[in-house]
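Everything on this sheet refers to the single structure shown next.
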Amino acid sequence: MNRWEQPSGGFRLDGQVAVITGASRGIGLAIAEAFVGAGAKVVITGRNADALASAAEPLGADARWLAGSVGNDAMADETCALALDAFGGLDILVNGAGTNPQFGPLIDADLGAYDKVMATNVRAPLVWSQAAWRASLRDHGGSIINLASVAALQPVRDTGSYAISKAALHQLTRVLAGELGPNVRVNTLAPAIVRTKFSEVLLSDEQAVVDAYPLGRVGEPVDVAQAALYLSSPAASWVTGTMLVLDGGGMAIRARY
Ligand SMILES: NC(=O)c1ccc[n+]([C@@H]2O[C@H](COP(=O)([O-])OP(=O)(O)OC[C@H]3O[C@@H](n4cnc5c(N)ncnc54)[C@H](OP(=O)(O)O)[C@@H]3O)[C@@H](O)[C@H]2O)c1
4 MNRWEQPSGG FRLDGQVAVI TGASRGIGLA IAEAFVGAGA KVVITGRNAD ALASAAEPLG
64 ADARWLAGSV GNDAMADETC ALALDAFGGL DILVNGAGTN PQFGPLIDAD LGAYDKVMAT
124 NVRAPLVWSQ AAWRASLRDH GGSIINLASV AALQPVRDTG SYAISKAALH QLTRVLAGEL
184 GPNVRVNTLA PAIVRTKFSE VLLSDEQAVV DAYPLGRVGE PVDVAQAALY LSSPAASWVT
244 GTMLVLDGGG MAIRARY
């Protein structure tokens with residue numbers, strides 16, 4: 004067992020139903036696996052149907068999937084309806100899908116790329132939260148988790164649109180936490196670099212990343228999944244509107260300069 008392959012821990016989600024966007028691979032899929040391992044049923048989404056079918060297959064009867072972009076407003080309602088039809092409820096929404104197509108100085112940014120970042124990373128989580136609220140959370144309570152990034156706290160050069168979007172996403176978390184309590188909790192997860200397809204380019208010099216993190220390794224999707232499990236479980240019943248940073252200590256201290 005690698006040292007990041009932790010046991011599922013004490014957090015249970017028995018009888019709970021979760022919708023997880025952007026879960027055909029990477030962090031979203033790890034969250035789906037952790038949730039099913041903790042007793043939940045899941046509906047996962049992504050744009051590629053074949054990838055979703057392969058991802059859902061090992062999860063068996065505890066998983067359903069629906070293909071499409073989070074930018075499709077109608078799909079938010081359809082996915083929540085699928086959770087209700089298939090599993091009889093909806094308790095947890097994880098807004099996992101995110102994008103980062105704008106590179107280079109923000110001052111020269113293509114505004115189409117900027118709009119796409121905002122649509123996927125900020126508008127869509129609101130639309131999906133509204134859909135989950137109407138479908139079930141308003142009447143039965145539950146929890147929402149938004150997948151932001153440490154870039155919400157400290158921008159990284161040449162990915163300004165992404166940093167702005169993730170900061171806005173955390174502010175969305177705080178606004179909704181204020182509006183939806185006491186029965187619905189809303190929290191942000193803010194990972195640093197986690198080993199997924201999304202971060203491949205950032206890991207071309209993995210040692211430099213490792214050196215920047217006091218805990219001496221890159222994050223793995225399961226690290227984020229365990230935190231999502233905690234935040235959606237009853238163990239976090241007094242936690243809302245907060246950001247849980249998962250960064251191997253990287254934000255605590257600069258590596259140099
Ligand atoms: N990896 C990191 O280092 C890191 C660090 C901080 C934060 N994050 C955040 O964590 C989240 C997940 O990232 P990841 O690293 O797990 O990425 P990933 O491995 O590339 O997975 C992204 C998932 O989201 C889906 N997706 C992408 N765009 C979508 C859209 N418009 N509509 C629906 N589904 C979409 C992808 O499937 P399809 O392509 O088939 O749609 C895939 O299932 C993102 O919000 C990202 O910003 C990642």
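The sequence shown begins at 4 in the working numbering and counts up by one.
Backbone N, C-alpha and C define an ideal beta-carbon position, used for all residues, glycine too.
Small disclaimer: the values here were computed from a predicted structure and weren't measured.
With DSSP run on the structure shown, which of helix, strand or coil describes residue i?
i	result
Arg-28	coil
Asn-124	helix
Leu-234	helix
Met-254	coil
Trp-1	A query on residue 1 cannot be resolved here, the shown segment of the chain reaching from 4 to 260 and no further.
Thr-176	helix
Ile-23	strand
Pro-217	coil
Sort the options by Cα distance to residue i and report the nearest one.
i	options	result
Asp-65	Ala-79, Glu-81, Ala-86	Ala-86
Ala-43	Val-242, Ile-34, Gly-115, Arg-28	Ile-34
Gly-99	Val-213, Asp-214, Glu-203, Thr-191	Thr-191
Asp-161	Asp-113, Leu-234, Gly-49	Asp-113
Ala-258	Asp-208, Ala-215, Ser-27	Ala-215
Ser-27	Arg-50, Phe-38, Asp-17	Arg-50
Ala-154	Arg-137, Ser-139, Leu-172	Leu-172
Met-246	Pro-104, Ala-231, Asp-80, Tyr-260	Ala-231
Val-178	Thr-199, Pro-128, Ala-41, Tyr-260	Pro-128
Spatial neighbours of residue i within its chain, please: C-beta separation below 6 Å, excluding the five flanking residues on both sides.
i	result
Trp-299	Here the chain covers residues 4 to 260 and nothing more, so residue 299 does not appear.
Pro-194	Gly-222, Val-227, Leu-249
Pro-158	Ala-166
Val-212	Ile-196, Val-221
Are there 16 or more other CB atoms within 10 angstroms of the CB of residue i, so buried, or fewer, so exposed?
i	result
Leu-93	buried
Ile-167	buried
Ala-151	buried
Leu-175	buried
Exercise. Just jot down, in chain order, the residues whose CB lies closer than 6 Å to any heavy atom of ligand 1.
Key: Those residues placing their Cβ nearer than 6 Å to any heavy atom of ligand 1 are, following chain order, Thr-24, Gly-25, Ala-26, Ser-27, Arg-28, Gly-29, Ile-30, Gly-31, Thr-48, Gly-49, Arg-50, Asn-51, Ala-54, Ser-72, Val-73, Gly-74, Gly-99, Ala-100, Gly-101, Thr-102, Thr-123, Leu-150, Ser-152, Pro-194, Ile-196, Val-197, Thr-199, Lys-200, Phe-201, Ser-202.
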